[in-house]
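Enquirer: Take this structure, written in C-alpha cells, and hold onto it; I'll ask about it next.
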Amino acid sequence: MLRHSGSVIPVLALALLATTCGDKSPESPRCRLAVVSPNGGEWLVAGSVHTILWSTDGPCGSQVRLELIRDGAVCDTIAAAIPDTGEHAWLCSPCGADSLAYRVRVVVLPGGQADASDGEFSIRSRPAPVCSLRLTAPLGGERVRVGETLLVAWEAGSACGDSVRLELLRDGLACATIAAAAAAATSFAWAAEPCGGDSSGYSIRVTDPAWGVADESPGTFVIVPPPAEACALGLVSPNGGETYTAGDPVSIAWESSGACADSVTLELLRDGSHCATIAVCPGGDGVYTWIAEPCGPAASGYAVRVSESSAPRPAGDTSDGTFAILPAPLPCHLALLSPGDGMAFRAGDGVAVSWSASGACADSVSIELLRAGTPCALLAAATPNDGSFDWIAVPCAGESEGYALRVRERGGSAAATSAGVFRIDPAPVPCSLTLIAPAGGGVYEMGAELPIAWSSHGDCADSVGITLLLDGVPCDTLALSTANDGGFAWIVAPCGPAGGGFTIRVAERGGTAADESAAPFVIVEPPSACGIEILAPAGGAALRVGEGLEIAWSASGTCGSWVRVDLLLGEGVCLPIAASTENDGSLAWVVQRCGENAEGYRLRVTDLASGLAFESAAPFSITTPCAIELTAPNGGEVFCPGESVAIAWQTRGGCGQTVSVELLFDGEPCATIAAATENDGHFSWTADACAGPGSGYAVRVTDPQTGAGDASDDVWAIEQPCALSLLHPSGGELLCTGSECLIAWQSGSCCGQTVLLELLHEGVVCQTIAAAASNSGEYAWVVAPCPGADEGYRVRVTDPLTLQSAESGETLRIAPECELRVTAPASGQSFCPGDAVAIAWERGACCGELVRIELLRNDEVCAEIAGETENDGSYEWPAAACAGGPDGYQVRVTDLSTLRSADGEGPFEIAGECALTVTSPNGGETLCVGRTVTLHWDAGACCGTTVALELLHEDAVCALIAPAAPNTGSYAFTVFSCGPGGGGYRLRVTDAAGVASDASDATFSILTDPCALRVTAPAGGERLSPGETLEIAWESSTCCG
C-alpha cells in the first residue's frame, strides 16, 4: 500500500477490475479499512476539490472503488477502480439538487471490504462557513534569543475547531512541533528553541486539525543563541591606601568572569585621569608585577584600572581608593666641611669635625685619619651621622704634615675626604717662670730704680704681668703687660706706707705660669723726699681739644726748681707737654690728645732734681668738639603712615649722652619725635604726617649739651595711607566653575607688595584664593566654588601690612562647569531615512551659545549633524544613516566654548530605505480567473502602512487590484484578467509614499477558460471479459481541480 505525508498525488489513470453484476469477491477477514475524510459534519462546495482520505491495513486488495451515498443509497460512483493510495482528489458534485445527507464509501477491490463516512456531510452550491486562520505573529524579521518567550498569535474564524497545532518550520519544512493541540485562544507563549544549530530561516505554521486549514508566517525570523554572560572585571590590588616608592615591585591582581576579551589593559590613573599604560596582559584572572613609576612629581592620587583591551563597551574596574608613589630616595652624598685646608692643630687640641649628609644615608659613619692619602688611624668605627664629631688631635708616628680626614657611610659607598691637608704639631711644653730678682731679703729706697729679672722656659706667652704684693696679697700692678724678655725697670714705690713684707710676682699673660720672690723685701722712704700732687685737671675731667687749660700742682719736700710735664696714655708717655718748666705750681696748656684716643689720660710731673715723678690720681678724657651728621632719612625718601622709619646719625667729638629728635615741615618743627633719646646713632620712628600727606618733611637731631645738630640734607615725603578698591568682580556676575576670572583692584602706593585674595560666602571666608598674590592690580583666578553653595559670594582683597581691604559691592554667583544632557532621541527608538528627528538636550548656565552635534555609531563619530548651531536645546535633523549598519546610533552634543560634551543615553536605529520585493506570483505561474490566490511580497521596515497593487500586462498597468491594501505582505486576490487570456502579466506592488515598488521578475499567465474534461478511454465499442483490467483515461484543462 502507498504511504504518503499529506501530499496529494494526482491520478492520471484508474485501473478497474471488471466484474459481472452480482459477482462477489471473497472477503478477507484480516483486511481493515476506515474512511478518514470526509467523515461527517463537513460542508463541501460544489465544484471545489476535496481530498478523500482513507486507510487500509492487512491483506487488502490493490484497488478501491469510491462511491457517493445519499440517504444510504449509492447515488454516484466517484471512482470505479483506483489504486489503493489512501487519497483521491474529488471534484465535489452533488446528486441532483440535493445538498444534505451525503456519505462517501470506499470499497476494496477485490475483496469487497467497505467503509463509509461515520456521519453525513453537505454538498452546497455556495461555500460553507469554513474555518479561516491567519497567523499574526511572528510575521518575519524578528530576532529571538534561545529561551526567550515568543508570542505566537493568530486569528481564527468561528467555524474553526477547539484547538490548533503549532509547528516550527525551517526553510518551509516542519522541524519541530511547538504544540500538538494548543487551545484555540489565538495566542501561545513559546520559549524559543531552534532545530539543531541553525539560527535563520524559521517560520511558524498554525493548523486547524478539524478543517486541515493552515497559515504560515509570511517571512522568516532568526533564533540566536542566548547572550553570553557579560564580562565583569574586578581589581583586587592595589585597592587604595597603599604607599609605594618609585622602583618598588607592585603586584597588580584582578579577577574576571563572563565573556571577556582575550586581553586586558592595565592603566595608571592620577586624580581619575589616565597618565600611563602599564601593560597589556592575557585575559582571565591575572597578576602582573609592575615596577612603580609616578607620573611627574606628584606623589598622591594614584589608582590602577583594568579593562578589556578591545571591546565596543569594555568592562573594567578601578582601585576603590587612591595610593601614593613616593620619589625614589637620592643616593647618599657626604661632604667634609671641617677641618679644612691649611689648618694647624697641636697634639691634644680639641678638633670639631663637621660634615654634611644628603640623600638616603645610613644612620652612622666611620671617621679615618689619613696621612699622605693613606689611612693611619681610625678615629671612630661608628658614630651617629649627625654631622659633627669631637676629636682630640693625635698625630700618626710623630709626623706633623699632610693630614686629612675621611668620613665614610657605614654599610654604604658614600665617602668624603678633606678638601686639603692640615697640620698636627707636637703638644706644647708647659710654660715655667723663675723670678731671679728681687729674690727677697733686700731693702730698697722709694724712688730708686730696681731691676726686676726673671727667666722663662717652655711655650710661654709673649708678655707677662708684674704685681707688687704686701704680705702675700696683691696691692699694686707694676706692669699690666710687658714683654716677656726677662727684665723690667721698676721705680720703687710701696703700696701704702713704707715697710716690710713686700714681694714681686711675675705671671704669664693668658697662662698659668707664675713665680714670686723667695722672701719678702723692705721699702724705705728716702730722706727728705720730694713730693708733688697734681691738682688740675682732676680725675674724671672731660677736656676738649683746643681749649686752654691751667695745669696745676703742689710740691713739697726737697723738690728742685724745675719739673718736666708729660701727658700719659695708658702706662706710657704719649705727649711731652713741657720738657722743663718752673716748679711754680702751674702751666698754661692748649689741650691736645694722642691720636684718636679719648679716654685714659693722665699727667705726670717729674722733679728734675731728684727724678721723682708723680701722676694724676685718676684718668681724665680728651675729646674733640661735638659734631653731629644726620645720615637717614636724608632727602628724597617716600614713607607711608605707620611705616617704621630708621632715623640714623653719626657723632664726633664730645657730644652728650642724649640727643633730641624733631620732625620739620618746610624747615619748621612740627612735632617732637624724641625729646631725649640715647645718643647711640639710631632711633626707630613710626611715620606720622604732622602736617598731612605730602613732601617737605625733614628730621633734625640736636645735642642738648653743646647745641650741635644736623637735619636732613633734602626734604622727603609721607604719602597717603594704603587704600584699596575692588574693580572686578563688582557683584551681580555669574562665574563658571573652572573658567578664568580676572580679579582687578586698585591700590595706593602705601600698600604692601602682596595682597590676600579671599572668597566669602554670606560674609564668611570660605576659600583663600591667593595667600600672597603680587599687588599688581590683577590676578587670574580659576573659579572654584565653596562646597554646597552657588550664590551669595563676594571677593575680598586685603593688604596684609595695613589690613586695609575691599570687597565686591554685590554678591555674585558661581555656577558649575558647563553641563549637557541629551534627552532625545531616546534609547531603542527607530527612524527611517528622512524622518524628522527631534534632537533635544538640556544645558547648564556655564555653557556657550553654540554647540556642535555629531552622529555616533558604536561610540565612534560617523557624521556631523551640525557643525555649529544655537545652544537652545533643540535641533530637527532629517535622519540619515552612516555606512555600516542600521543600529548602534547615538547623538553627541558638544559645547563649542568649553568643548564639554554629552552623548545620548542609549543606541537607536536608522533603518534602510523602503524596499519592496514581489515573491508570488513572480513569473511562470498560471492563474485561473475566478479562483482566489494569495499575492505575497516582502516589505522593508521603512515602508508605509499601505501599498498599491497593480496588474500589468505587457508592462503596462491594465488594472488596479487594490489602491491601498494593508502592507502586511499578503493579499487575497480573486483572479480576473484585464486583457486577453494568456501570458504577459505581472504584479506590481508600490509603497503608498511612492518611494519604492517592485514587480514580478517574470510574466505569468491568466487563463479565462473554465475547467474542461474529456474521457479518452474507453472510447466505445470495447469488449471486456470479467476480471480483465480496463484503463480509463481522460484529459482535463489547466483550470481544473
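Under the numbering used here, the first residue of the sequence shown carries the number 89, and numbering increases by one thereafter.
Virtual Cβ for every residue (Gly too), placed ideally from N, Cα, C.
Please read these numbers as outputs of a predicted model, since none were measured by experiment.
DSSP on Thr719, reduced to helix/strand/coil?
Expert: Correct three-state label for Thr719: strand.
Enquirer: If we call anything under 8 Å between Cβ atoms a contact, is Cys838 one with Leu812?
Expert: Not closer than 8 Å, so no.
Enquirer: With distance defined between alpha-carbon atoms, name the residue in Phe576, Val234, Leu227, Asn327 nearest to Trp242.
Expert: For the residues Phe576, Val234, Leu227, Asn327, the minimum Cα distance to Trp242 belongs to Leu227.
Enquirer: Does Ala786 come out as helix, strand or coil in the three-state DSSP assignment?
Expert: Reduced to three states, the DSSP call for Ala786 is strand.
Enquirer: Find out if the Cβ-Cβ distance for the pair Asp474, Ala440 is shorter than 8 Å.
Expert: No. Outside cutoff.
Enquirer: Check whether the Cβ atoms of Asp1086 and Val1006 sit closer than 8 Å, and answer yes or no.
Expert: Result yes, Cβ atoms of Asp1086 and Val1006 sit closer than 8 Å.
Enquirer: Just to confirm my understanding: we take Gln808, look at its own chain, exclude 5 residues before and 5 after, and list those with CB closer than 7 Å. What are they?
Expert: Counting only Cβ-Cβ distances below 7 Å, and skipping sequence neighbours, we find Pro781, Gly836, Cys838.
Enquirer: Could you check whether Val910 and Asp991 sit closer than 8 Å to each other, using their CB atoms as the reference points?
Expert: Cβ distance < 8 Å, so Asp991 and Val910 count as in contact.
Enquirer: Which same chain residues, not among the five before or five after Val152, have their C-beta less than 7 Å away from its C-beta?
Expert: Taken in chain order, the residues that qualify are Ile170, Asp172, Val194, Val195, Val196, Leu197.
Enquirer: Measure the Cβ-Cβ separation of Gly598 and Ala567 and say whether it is below 8 Å.
Expert: Going by C-beta atoms, Gly598 is not nearer than 8 Å to Ala567.
Enquirer: Taking the straight line between their C-alpha atoms, what separation do you get for Gly741 and Ala715?
Expert: For Gly741 and Ala715, the distance between alpha carbons rounds to 6 Å.
Enquirer: Is Leu845 near Val883, with beta carbons less than 8 Å apart?
Expert: Yes, Cβ-Cβ distance for Leu845 and Val883 is below 8 Å.
Enquirer: Should Leu1112 go down as buried or exposed, given a rule of 16 or more other Cβ atoms within 10 Å for buried?
Expert: By the neighbour-count rule (16 or more Cβ atoms within 10 Å), Leu1112 is not buried but exposed.
Enquirer: Taking the alpha carbon of Ala701 as the point to measure from, which residue in Gln745, Val651, Ala225, Cys563 has its own alpha carbon closest?
Expert: Selected option, being the one with the closest Cα: Val651.
Enquirer: Distance check for Val661 and Ala667, CA to CA, integer angstroms please.
Expert: Each residue's Cα considered, the two are about 12 Å apart.
Enquirer: Work out the CA separation of Pro729 and Gly744 for me, nearest whole Å.
Expert: In a straight line, the C-alpha of Gly744 is about 31 Å away from that of Pro729.
Enquirer: Which residue wins for smallest C-alpha separation from Ser339, given the options Ala347, Gly346, Glu330?
Expert: Of the candidates Ala347, Gly346, Glu330, the one whose C-alpha sits nearest the C-alpha of Ser339 is Glu330.
Enquirer: Please report how far the alpha carbon of Gln978 lies from the alpha carbon of Pro904, in whole angstroms.
Expert: Roughly 25 Å separates the two Cα atoms.
Enquirer: My understanding is that Asp296 touches Leu221, with C-beta atoms under 8 Å, so please give their C-beta distance in whole angstroms.
Expert: So it is a contact: roughly 6 Å between Cβ atoms.
Enquirer: For Val192, count neighbouring C-beta atoms within 10 Å of its own C-beta (all shown protein chains included) and say buried if the count is 16 or more, exposed if not.
Expert: Label assigned to Val192: buried.
Enquirer: To the nearest angstrom, how far is it from the Cα of His138 to the Cα of Ala968?
Expert: Cα-Cα distance, rounded: 54 Å.
Enquirer: With a cut-off of 8 Å, do at least 3 Cβ pairs link the region 821-828 to the region 769-778?
Expert: Too few Cβ pairs lie closer than 8 Å, so no.
Enquirer: Run through the region 234-271 for me and flag every whole alpha helix (DSSP H) of 4 or more residues, listed as ranges in chain order.
Expert: DSSP runs (the alpha helix (DSSP H)) wholly in the region 234-271: none.
Enquirer: Looking at C-alpha atoms only, which residue of Val787, Glu756, Cys758, Ala676 is the closest neighbour of Gly723?
Expert: For Gly723, the nearest C-alpha among the options comes from Val787.
Enquirer: Which runs of the beta strand (DSSP E) fall wholly inside the region 814-869 and span at least 3 residues, in chain order?
Expert: Correct list: 822-824, 828-835, 842-849, 852-862.
Enquirer: Using three-state DSSP, classify Val539 as helix, strand or coil.
Expert: According to the sequence provided, residue 539 is Pro. The question's Val does not apply to it. Three-state result, Pro539: strand.
Enquirer: Could you check where the beta strand (DSSP E) with Leu700 kicks off and where it finishes?
Expert: Here Leu700 belongs to no beta strand (DSSP E), and DSSP marks it neither H nor E.
Enquirer: So Glu948 is in the beta strand (DSSP E); what residue range does that whole segment cover?
Expert: Its beta strand (DSSP E) spans residues 948-958.
Enquirer: In this structure, what does DSSP give as the bridge partners for Trp965?
Expert: Trp965 is bridged to Val925.
Enquirer: So, under 8 Å CB-CB, Ala764 and Leu751 are touching, yes? Tell me the CB distance rounded to an integer number of Å.
Expert: Contact doesn't hold; Cβ gap of about 16 Å is too wide.
Enquirer: Just the C-alpha distance for Thr957 and Pro995, rounded to the nearest angstrom, thanks.
Expert: Computed Cα separation, rounded: 23 Å.
Enquirer: Return yes when at least one heavy atom of the ligand FMN lies under 7 Å from the C-beta of Ala643, else no.
Expert: What this structure holds is no ligand at all, so the ligand FMN is not there to describe.
Enquirer: How big is the Cα-Cα spacing for Leu1040 and Ala924?
Expert: Cα to Cα, the separation comes out at about 35 Å.
Enquirer: Give the range of the beta strand (DSSP E) segment to which Leu943 is assigned.
Expert: Per DSSP, Leu943 belongs to the beta strand (DSSP E) from 938-945.
Enquirer: Take His849 as the anchor and find which of Thr842, Asp878, Asp164, Ser862 has the nearest alpha-carbon.
Expert: Minimum Cα distance to His849 is reached at Asp878.
Enquirer: I'd like to check one pair, Tyr491 with Ile512: are the Cβ atoms closer than 8 Å?
Expert: For Ile512 and Tyr491, yes; Cβs fall inside 8 Å.
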